[in-house]
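In my numbering, the protein residues as written are 2 to 366.
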């Protein structure tokens, strides 16, 4: 993993760590970023050891030496679980195999490479070159959606063996609570009757948060008390702030920053909107449905994410006015449904996902 910051991939891993029987299975973390991730202290409190690799782009030889040294010393793991967005770097599995670790898992969490990524074309070339190594390095091939599975395993010879693992959450936490809703709205100065569009995600180009401001501008014409609640931080946050100010919507957009209480914040929302350019299967969409929020999302996101039938997929190329109209209609149609049991039955409860992973870790699958 890159690190333990508060992102979708990392949130999934921590959901599993919280739910797993830590007397049976314990996690350690080998990270490619410096210390200080949001989840590091919590992981340590559960008994995890956290190791940091030198940055690969700062010295390729030092990076590989560190991997070799690590797995030579720590060859007694029963499994390694690589959570990845592409095949750009799959070196840990190579060294895990070299030193005899029996279960080596690739787990796809995306469906493309960010075009805004530095040296995007190099990452893309490496991704496709490394497809030839997948069947050699890994023993198990996982992904969060069909799109994510195709992205990592198509043309590798192992696509038919690849397994979907649901982004499970602790469903009961998301049960709608009027008291919490009122508390959160009071915290951010949101009126009891204000319509609130919610969004959770890192501020990066692929999340396309600036389009949310365009949608807000359309809705604001007929709903002057509407609010846009944006949870997260990132490189493009200032751009989104500036766009909101220039549109005269500064007071209508609330930036919460990184929060550990996303479950609470969702209680204050009325609908959830995700206009990403691409995704695997975002944990936040599972969370939004569990919280009873009607969702409008871009049709580039895996349709596997529509667990409850309450997600409306829209083309990212449609104008903001079309999205705004659909948001109003979708909210009016669904209100605030109770989706908890439906999500559990679909296998998106963290207990179901943990059970599947434990079987894989123990070599029973």
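Every residue gets a Cβ at the ideal spot worked out from N, C-alpha and C, and that includes glycine.
Nothing here was measured: the structure is a model prediction, and the numbers come from that model.
Rounded straight-line distance, which links the Cα of residue 124 to that of residue 53
Each residue's Cα considered, the two are about 22 angstroms apart.
DSSP state of residue 222 mapped onto helix, strand, coil:
Residue 222: coil per DSSP, three-state reduction.
For residue 312, count neighbouring C-beta atoms within 10 Å of its own C-beta (all shown protein chains included) and say buried if the count is 16 or more, exposed if not.
The residue in question, residue 312, is buried, as its Cβ has 16 or more Cβ neighbours within 10 Å.
State the start and end residues of the unbroken alpha helix (DSSP H) segment that holds residue 98.
92-99 is the extent of the alpha helix (DSSP H) around residue 98.
Within 10 angstroms of its Cβ, does residue 146 collect 16 or more other Cβ (buried), or is it exposed?
Classification of residue 146: buried, given that the 10 Å Cβ count is 16 or more.
Determine which residues share a DSSP beta bridge with residue 228 and list them.
As DSSP reads the structure, residue 228 sits in a beta bridge with 197.
Residue 15 bridges to which residues according to DSSP?
BP columns for residue 15 are empty, so no partner.
At least 3 beta-carbon pairs within less than 8 angstroms: the stretch 347-359 vs the stretch 86-96
No, they do not touch.
With 16 other Cβ atoms within 10 Å as the buried cut-off, status of residue 122
Under this definition residue 122 is an exposed residue.
Cα-Cα separation, residue 2 to residue 38:
Approximately 12 angstroms, taken between the alpha carbons.
Where residue 229 and residue 261 are concerned, what is the direct C-alpha to C-alpha distance, given to the nearest angstrom?
About 19 angstroms.
I'd like the span of the beta strand (DSSP E) that includes residue 256, first residue to last.
It spans 254-258 - the beta strand (DSSP E) in which residue 256 sits, taken as one unbroken run.
Quick one, which of 338, 83 and 282 has its alpha-carbon nearest residue 303's?
Residue 303 has its Cα closest to that of 282, out of 338, 83 and 282.
When the Cα atoms are used, what is the spatial distance from residue 208 to residue 65?
So the alpha carbons of these two residues sit roughly 32 angstroms apart.
Residue 129, DSSP secondary structure in three states:
In the structure shown, residue 129 sits in a helix (DSSP, three-state: H, G or I).
Let me make sure I understand the geometry here. Which of 57, 128 and 240 has the alpha-carbon closest to that of residue 254?
Ranking 57, 128 and 240 by Cα distance to residue 254 puts 240 first.
State the DSSP-derived secondary structure class of residue 109, mapped to helix, strand or coil.
Strand at residue 109.
Same chain only: Cβ atoms within 6 angstroms of residue 256, ignoring 5 sequence neighbours per side:
Its chain contains 231 as the residues whose beta carbon lies nearer than 6 angstroms to that of residue 256, once the 5 sequence neighbours on both sides are disregarded; these appear in chain order.
Under a three-way DSSP split, which group does residue 2 fall into?
Of the three classes helix, strand and coil, the one that applies to residue 2 here is coil, per DSSP.
Any idea if residue 182 is buried or exposed, counting beta-carbon neighbours within 10 angstroms, 16 or more meaning buried?
Label assigned to residue 182: buried.
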